[in-house]
Amino acid sequence: PLIANISAELAAGSRPGISLLEVQLQEADTFSLELSLDNQRSPSVGSVRRQVQLTQSNLFGLGDRFNVSYINTDGSNSLSDLSYTIPINPYNGTIRLSHSRTESEIIEEPFDRFDIDSESRQYELTYKQPLYQTPNKDFSIGITFSRDEAETTVFEQPEPLSRGANDQGETKISALRFFQEYTNRNQREVLALRSQFSLGIDALDATINNSGPDSEFFVWRGQAQYLRLLSSDTILLLRSDLQLADQALVPFEQFSLGGQLSVRGYRQDALLADHGLFASAEVRTPILRIREWETTLQLTPFIDFGTVWNSDDLELEESTLVSVGLGLRLLLGNKLRARLDWGIPLVDLDDIGDSLQEDGIYFSVNYRLF
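Take 1 as the starting number for the sequence shown in the UniProt record's numbering and just add one per residue.
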């Protein structure tokens, strides 16, 4: 990603049997600034997100990457993905440090009258090492140590509103996460697989309870994405996500359904549980092209499915969500990406809000300034 173009020319040398290889290299732009607007946040803290993201892909000339994002809604402020990644060996192994923090308040009626505030923080240290790399295939493994902390208050007094929180409304989770990633691509299709085993541990004053969810758990999560070119300009996209746990989990670790990146047609995080399965199929076909503007408008019919269940006897209002719908994707060169999705829910939920999400409408706009 740090090289935009490379060319080589072989010429005769000054003596017989000697050749000269001349290589010309053009560096890629390493700085980017991107603005985005979408409604992918929970309506309880304001669904409309305003985001600015800054990335420098070669901060100190070492192939090291710095990234930071700021996200704001009407009820929350987030410093998201403050991270630094540096290569550590000739085989593309990397170390990554990251931090995120969010302060939020419930602004959705009727709960806004209780002055419910929360603060969460996340810290991660990740080592990732590719084991096999070719132009078409990639297999990598890695390990992450993560630390998640959250506190909740009601009328400015600590209150344990979430499962697993202590009497002060605090939840602290320490975990080791071992992941594996595989990618296989050619001119017609791309297959991406990811597996992660998460082991919650009793470390750094983590939350440990006599009963109920805490920092000691084991979770496996598997994700797959398959993209295939059906014709010269029509694409099929398949996605799936599966999580299995050995016990009840705190909200940090649970599986969620609902939202533009999950089952469309339902509000963000409509269902939350310990185990879950998600599957989606989508076709992207262009309905308008303006080549001189590098503009493409795609029509995207889709079908989404998801189901969740808990490890204990905690009952859910509904466990399965299904939707069908239609979307539009607008691509303007490498500067602008916009999307509008309308999902039609096939399973009814008792929604209490009046945001666009309750009407099954999701949108996102991303604009790259640099």
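Think of the CB as a built atom: it goes at the ideal place given N, C-alpha and C, for glycine as much as any other residue.
In chain order, each beta strand (DSSP E) run of at least 3 residues that lies wholly inside the region 58–110 | Here the runs fully enclosed are 65–73, 76–87 and 94–105.
In chain order, each beta strand (DSSP E) run of at least 3 residues that lies wholly inside the region 128–197 | 137–154 and 170–185
Which residues in the same chain have their Cβ closer than 7 Å to the Cβ of S140, if we skip the five residues on either side of it in sequence?
-> K128, Q129, P130, L131 and E181
Could you please give the first and the last residue of the uninterrupted beta strand (DSSP E) stretch that includes G325?
-> T320 to L332
Within 8 Å, strictly: CB atoms of V322 and V347 = In contact: V322 and V347 (Cβ atoms closer than 8 Å).
Of the choices D233, N310, E151 and N58, whose alpha-carbon is the least far from that of A27?
-> First, the amino acid is wrong: residue 27 is Glu here, not Ala. Between E27 and the set D233, N310, E151 and N58, the nearest pair of CA atoms involves N58.
Beta-carbon contacts of D167 that lie in its chain and below 8 Å, excluding the five residues immediately before and after = P158 and P160
In three-state DSSP terms, what is V308?
-> strand
What does DSSP give as the partner residues of residue 378 in its beta bridges?
-> Lying before the first or after the last residue shown, residue 378 is absent from the chain, which here runs from 1 to 370.
Give me the Cβ distance between A273 and Q254, rounded to the nearest whole Å; I'm assuming they're in contact under 8 Å.
-> 6 Å
Which class does Q358 belong to by DSSP, given the choice of helix, strand or coil?
-> The sequence shown places Glu at residue 358, rather than the Gln named in the question. Correct three-state label for E358: helix.
Applying the criterion that 16 or more other CB atoms from any shown protein chain within 10 Å of the CB defines a buried residue, is D233 buried or exposed?
-> exposed
Roughly how many angstroms separate the alpha carbons of P286 and Q51, rounded to a whole number?
-> The alpha-carbon atoms of P286 and Q51 are separated by roughly 28 Å.
L330 versus N67, D64 and L297, residue with shortest Cα-Cα distance = L297
Which of helix, strand or coil DSSP assigns to S211 = If DSSP states are grouped into helix, strand and coil, S211 belongs with coil.
Buried or exposed: Q24, going by 16 or more other Cβ atoms within 10 Å of its Cβ?
-> exposed
Per-residue burial, Q151 [other beta carbons within 10 Å of its own, 16 or more giving buried] | Looking at the sequence shown, residue 151 is not Gln but Glu. Answer is buried; the Cβ neighbour count reaches 16.
What is the rounded straight-line gap between the Cα of T183 and the Cα of L82?
-> 26 Å
Three or more C-beta pairs closer than 8 Å, one from the region 219–235 and one from the region 257–267: is that the case here?
-> no
Sub-8 Å separation of L33 and L54 beta-carbons | A contact, by the Cβ cut-off of 8 Å.
Note down the Cα distance separating I344 from P90, rounded to an integer number of angstroms.
-> 50 Å
According to the neighbour-count rule (16 or more other Cβ atoms, all chains shown, within 10 Å of its Cβ), is L20 buried or exposed?
-> exposed
Beta-carbon contacts of T207 that lie in its chain and below 8 Å, excluding the five residues immediately before and after = G164, A165, N166, E170, T171, K172, I173, D214, S215 and V250
Go ahead and pull the three-state DSSP assignment for V45.
-> In the structure shown, V45 adopts helical secondary structure according to DSSP, grouped into three states.
Test item: CB-CB of F278 and D241 under 8 Å | yes
How long is the line joining the alpha carbons of D341 and D205, rounded to whole angstroms?
-> 43 Å
P43 vs G353 beta-carbon contact at 8 Å | Yes. Within cutoff.
Is R113 helix, strand or coil when you go by DSSP?
-> helix
Is E317 helix, strand or coil by DSSP?
-> coil
Exposure of T134, with buried meaning 16 or more beta-carbon neighbours within 10 Å = exposed
The beta strand (DSSP E) enclosing D341, as first and last residue numbers = Per DSSP, the unbroken beta strand (DSSP E) holding D341 starts and ends at L336 to P345.
Of the residues L230, D74, L79 and F60, the one placed nearest V68, counting alpha carbons only | For V68, the nearest C-alpha among the options comes from L79.
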